[in-house]
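Protein chains: 2
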Amino acid sequence: MTIDCPTPRHEDEVVLLGHGAGGRLSAELLDQLVLPALDGGGGPLEDAALLPGYRELVISTDSFVVSPLFFPGGDIGSLAVHGTVNDLAMRGAWPLALSVSLIVEEGLPLAELRAVLGSLGKAAQNAGVPVVTGDTKVVGRGAADKLFVNTTGIGRRHGALHPSAALARPGDTVLLSGPIGLHGTTVLSTRERLGFESDIASDTRPLHRLVKALAPLGAAVHVLRDPTRGGLAAALNEIARDSCVAVEIDESAVPVPEAVASACDLLGLDPLIVANEGCLVAFVSAPAADDALAAMRSVPEGTEAVRIGEVPPHGPDGRVSLRTLVGARRIVEMPLGEQLPRIC
Amino acid sequence: MTIDCPTPRHEDEVVLLGHGAGGRLSAELLDQLVLPALDGGGGPLEDAALLPGYRELVISTDSFVVSPLFFPGGDIGSLAVHGTVNDLAMRGAWPLALSVSLIVEEGLPLAELRAVLGSLGKAAQNAGVPVVTGDTKVVGRGAADKLFVNTTGIGRRHGALHPSAALARPGDTVLLSGPIGLHGTTVLSTRERLGFESDIASDTRPLHRLVKALAPLGAAVHVLRDPTRGGLAAALNEIARDSCVAVEIDESAVPVPEAVASACDLLGLDPLIVANEGCLVAFVSAPAADDALAAMRSVPEGTEAVRIGEVPPHGPDGRVSLRTLVGARRIVEMPLGEQLPRIC
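Keeping their order, the protein sequence lines are chains A and B.
With full-length UniProt numbering, letter number 303 in the first sequence gets 303, and the count goes up by one each step, no holes.
With full-length UniProt numbering, letter number 63 in the second sequence gets 63, and the count goes up by one each step, no holes.
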């Protein structure tokens, strides 16, 4: 008996939640659909791109769809500022200006909109970046879920600091600025009322001052990346792929707060794939590692910075592996799709 | 008998569709809620703002929520390019780069996403502006209506061309680059299947080349504005308010295509409040008016440019009036709220 299967796979024909998760499905969507369509207009899409004709200026854009709008440690307003400030910072840039664009569902209480905007304004002020322009659209009930916020930022790069996901080199030391897993588990726990949200809070915060502290090390800082969607696993896999190197990290060195570990245990999640909004990984040349660690620890958002691994001298290219607590070694895979939807 | 009314008016407590319509409700939301919250971070919000530290660079952002995604003459992809290119152009700027951020509803056919992105890429290429960075978020079914697109653009201003809605002066001539009402009536007719969509098409197109044609007139060009949401009525009222002048236009001079007039008649709409995406109004000093008209007519998107009115010498400030075909005079009011939701 043969099974005839003439119909296409329907799951391949529509957008899936996983297409927005920052993992393999996202990469496929980008590579197979978005980039071919837009290539005619310019270069490749990156998290923060150089402005043509202005080598020192970078641009980054992000739409925020987090649910719920408010969670311990932050809300969609502060997140929208920090997310874009951090994307600029990961290209070695200081934020100069932000635009803010709102899509509001008819019926949203004005008090909630006021609270989000107040938080957004305060976050921008605290980060020292002006909101210079904006836009507001309202759609009917049911056409959006409460409120979506887009921020786009322009930043100016620090002199000699030109980090890129493609610049990791064999011998590099891998640094992490703080504990992982807080943002994703906090949002998930708040949304699903799991109860962990009383013990944890999102790490959402701006990282541009942390990057500024690294600026004096200049070209010794090869890669900066904030492990948001897809978590540390996605960030390290992207770097390994884009730099054509292997990455090895020590499980014992990666700081996972106890409440995050408990939440992940219960949910069957790997903390390595949980989104963060207030830490970064830095790949720096080995001789500069101690100075980089000291620089990171010199600012409040980097006091818990640690060394978590290194780039081995001989590949295998693109592979991220973890030395476990019991001495074994396991591959850290690129997350496939959406385990934590609408986390940012 | 006294009527006690302790409960607040519920319609004041939530966001209404009209808050996004570009009229008086939009202005109230902006003045009373958005600006106070964000003022701490910087200057006032404008459609296109100057980048701090770079006097020649302007930024503009817009989120597009048009329904349906495809309509005669365009789609949300081309509209998202033209809208932001035009906002930059209205500040006298040439577009240097665009960012594109998508919010996609789970279940959107990939073919539709591909068509929109293809159109967006083509529109960017035709306008000569590279898409340099982007972002994609996916939300669950029912959490968004198919697809929303944010574009943010950076532009460089033409040397002496520094138009602003606040620069209209008594004696100015008011020019209009083409017929009005096409975009709004086309989208509405397509969405509601009214049948007019076989006779009309959106005027969506980039206007930066039209503005470039005006650049040699420099400071004689006082105001440029594309009458999008709220139509010509909103644009002229904003200019009259921001410049503290009156504006008088001739009904007989404002080009309204026959199909637009029929559609508006049937729908009870005033063509003056219907959104446009491919024309602009220019306020120029009277001695430069003939040259400005000739410059506009020298490019394809301005061949139908006409003189529609002037700024009278003695106010009353902020008032826009129309000399009707029968010689009467009526006030053109700022539209209140949403007569045409999700038109862009």
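All C-beta atoms in this analysis are idealised placements derived from N, C-alpha and C, irrespective of residue type, glycine included.
Out of Leu340(A), Glu333(A), Ala144(A) and Ala37(A), point me to the one whose CA is closest to Gly268(A)'s CA. Counting from one through the first sequence, the residue named residue 268(A) turns up at place 268. The candidate whose alpha carbon is nearest that of Gly268(A) is Leu340(A).
Met90(A) CB to nearest heavy atom of the ligand ADP below 6 Å: Absent from the structure shown: the ligand ADP. Ligands present: none.
Are the C-beta of Thr190(B) and some C-beta of chain A separated by less than 7 Å? Start at 1 with the first residue of the second sequence, and residue 190(B) comes out as number 190. With 7 Å as the cut-off, Thr190(B) does not count as an interface residue toward chain A.
Are the C-beta of His19(A) and some C-beta of chain B separated by less than 7 Å? Within the first sequence, the letter at position 19 stands for residue 19(A). Using a Cβ-Cβ cut-off of 7 Å, His19(A) counts as an interface residue toward chain B, since at least one Cβ of chain B sits closer than that to its own.
Beta strand (DSSP E) containing Arg193(B): first to last residue? For the purposes of this step, residue 193(B) is taken as the residue at position 193 of the second sequence. No beta strand (DSSP E) holds Arg193(B); DSSP gives it neither H nor E.
Within 7 Å of any Cβ in chain B, is that where the Cβ of Arg114(A) sits? Position 114 of the first sequence, counting from 1, holds the residue named residue 114(A). Yes, its Cβ sits closer than 7 Å to a Cβ of chain B.
Positions along the segment 264-293 of chain B whose CB lies within less than 8 Å of some CB in chain A: none
In chain order, which continuous runs of the alpha helix (DSSP H) of length 4 or greater are located wholly inside the UniProt domain "PurM-like N-terminal" (46-156) of chain A? 76-89 and 110-127
Using a beta-carbon distance below 7 Å, is Leu69(A) in contact with chain B? In the first sequence, the residue the question calls residue 69(A) occupies position 69. Chain B contact via Cβ: absent.
At the level of alpha carbons, what is the spacing between Val281(A) and Gly181(A)? The sequence position of residue 281(A) within the first sequence is 281, counting from 1. The sequence position of residue 181(A) within the first sequence is 181, counting from 1. Val281(A) and Gly181(A): Cα-Cα distance of roughly 14 Å.
Does Thr247(A) come within less than 7 Å of chain B when only Cβ atoms are used? Taking the first sequence and counting its residues from 1, the one referred to as residue 247(A) is at position 247. In the sequence as displayed, the identity of residue 247(A) is Val instead of Thr. So, not an interface residue.
Measure the CB-CB distance between residue 358(B) and His183(B) and report whether it falls below 7 Å. Here chain B covers residues 1 to 344 and nothing more, so residue 358(B) does not appear.
Residue-level contact to chain A via CB, Thr7(B), 7 Å cutoff: To locate residue 7(B), count along the second sequence from 1; it is residue 7. Any reading at Thr7(B) is ruled out, since the residue's pLDDT is 42, under 50, leaving its predicted position unreliable.
Return the residue from the list Pro287(B), Ala253(B), Leu30(B) and Asp265(B) that minimises the CA-CA distance to Ala305(B). Numbered from 1 along the second sequence, position 305 holds the residue referred to as residue 305(B). Measuring from the Cα of Ala305(B), the nearest candidate turns out to be Ala253(B).
Length of the line joining the Cα atoms of Arg330(A) and Val104(A): Taking the first residue of the first sequence as 1, we reach residue 330(A) at position 330. Taking the first residue of the first sequence as 1, we reach residue 104(A) at position 104. So the alpha carbons of these two residues sit roughly 44 Å apart.
From the DSSP secondary-structure annotation, give me the bridge partner or partners of Glu310(B). On the second sequence, position 310 is the one that residue 310(B) refers to. According to DSSP, Glu310(B) bridges with Thr173(B) and Glu248(B).
In its own chain, which residues sit with a C-beta less than 7 Å from the C-beta of Ala275(B), not counting the 5 before and 5 after it? Stepping through the second sequence from its first residue, residue 275(B) is reached at position 275. Cβ within range, chain order: His183, Gly184, Thr228, Arg229, Gly231, Leu340, Ile343 and Cys344.
Per DSSP, Val320(A) is paired with what? Position 320 of the first sequence holds residue 320(A). DSSP, once it has assigned bridges, lists Val247(A) as partnering Val320(A).
First and last residue of the alpha helix (DSSP H) that includes Arg297(A)? For this step, residue 297(A) is matched to residue 297 along the first sequence. Segment Ala289 to Arg297, the alpha helix (DSSP H) holding Arg297(A).
Would Val14(B) count as contacting chain A if we go by Cβ distances under 7 Å? Walking along the second sequence from the start, residue 14(B) turns up at place 14. Residue contact with chain A for Val14(B): present (Cβ-Cβ distance below 7 Å to some residue of chain A).
Applying the criterion that 16 or more other CB atoms from any shown protein chain within 10 Å of the CB defines a buried residue, is His314(B) buried or exposed? To locate residue 314(B), count along the second sequence from 1; it is residue 314. Looking at its Cβ environment, which holds fewer than 16 other Cβ atoms inside 10 Å, His314(B) is exposed.
Any beta-carbon of chain A closer than 7 Å to the one on Ser99(B)? What you label residue 99(B) is simply residue 99 of the second sequence in a count that begins at 1. It does; some Cβ of chain A falls within 7 Å.
In whole angstroms, what is the alpha-carbon distance linking Ser60(A) and Val58(B)? Position 60 of the first sequence holds residue 60(A). Position 58 of the second sequence holds residue 58(B). So the alpha carbons of these two residues sit roughly 15 Å apart.
Burial state of Thr324(A), where buried means 16 or more other Cβ atoms lie within 10 Å: For the purposes of this step, residue 324(A) is taken as residue 324 along the first sequence, with counting starting at 1. By the neighbour-count rule (16 or more Cβ atoms within 10 Å), Thr324(A) is not buried but exposed.
Expected contact under 8 Å - CB spacing of Ser63(B) and Asp290(A) to nearest Å: Residue numbering aside, residue 63(B) sits at position 63 when the second sequence is read from its first letter. Residue numbering aside, residue 290(A) sits at position 290 when the first sequence is read from its first letter. Wrong, their Cβ atoms sit about 46 Å apart, outside the cutoff.
Indicate the three-state DSSP secondary structure (helix, strand or coil) for His208(B) in the structure shown. Position 208 of the second sequence, counted from the start, is the residue given in the question as residue 208(B). DSSP places His208(B) in helix when its eight states are reduced to three.
Anyone know if the C-beta pair for Leu175(A) and Arg307(A) falls short of 7 Å? What you label residue 175(A) is simply residue 175 of the first sequence in a count that begins at 1. What you label residue 307(A) is simply residue 307 of the first sequence in a count that begins at 1. Taking 7 Å as the Cβ cut-off, Leu175(A) and Arg307(A) qualify as a contacting pair.
With 7 Å as the threshold, decide whether the Cβ of Pro109(A) is near any Cβ in chain B. Working through the first sequence from its first residue, we reach residue 109(A) at position 109. Yes - at least one Cβ of chain B is within 7 Å of the one on Pro109(A).
Evaluate Gly309(A) with the Cβ neighbour count: other Cβ atoms within 10 Å of its Cβ, from every protein chain shown; 16 or more gives buried, anything less gives exposed. Counting from one through the first sequence, the residue named residue 309(A) turns up at place 309. Gly309(A) sits buried, since 16 or more C-beta atoms from the chains shown fall within 10 Å of its C-beta.
With a cut-off of 7 Å, does the C-beta of Pro72(A) fall near any C-beta of chain B? In the first sequence, counting from the first residue as 1, residue 72(A) sits at position 72. It does not; no Cβ of chain B falls within 7 Å.
Taking the C-alpha atoms as reference points, what is the distance between Leu293(A) and Arg241(A)? Locating residue 293(A) in the first sequence gives position 293, where the first residue counts as 1. Locating residue 241(A) in the first sequence gives position 241, where the first residue counts as 1. Their Cα atoms are separated by approximately 25 Å.
Can you list, in chain order, the residues of its chain whose CB lies under 6 Å from that of Asp226(A), leaving out five sequence neighbours each side? Counted from its first residue, the first sequence places residue 226(A) at position 226. Only Asn86, Met90 and Leu280 meet the Cβ criterion.
I need the straight-line Cα distance from Trp94(A) to Lys212(A), nearest angstrom please. Mapped onto the first sequence, residue 94(A) falls at position 94. Mapped onto the first sequence, residue 212(A) falls at position 212. Whole-angstrom Cα-Cα distance: 8 Å.
Any C-beta of chain B within less than 7 Å: which residues of the segment 293-323 of chain A qualify? Within the segment 293-323 of chain A, no residue has a Cβ that lies closer than 7 Å to any Cβ of chain B.
Within its chain, find whatever has a CB closer than 7 Å to the CB of Pro271(B); leave out the 5 residues flanking it on each side and keep chain order. Walking along the second sequence from the start, residue 271(B) turns up at place 271. Cβ neighbours of Pro271(B) beyond the five flanking positions: Ile180, Gly181, Val256, Val260, Ala261 and Cys264.
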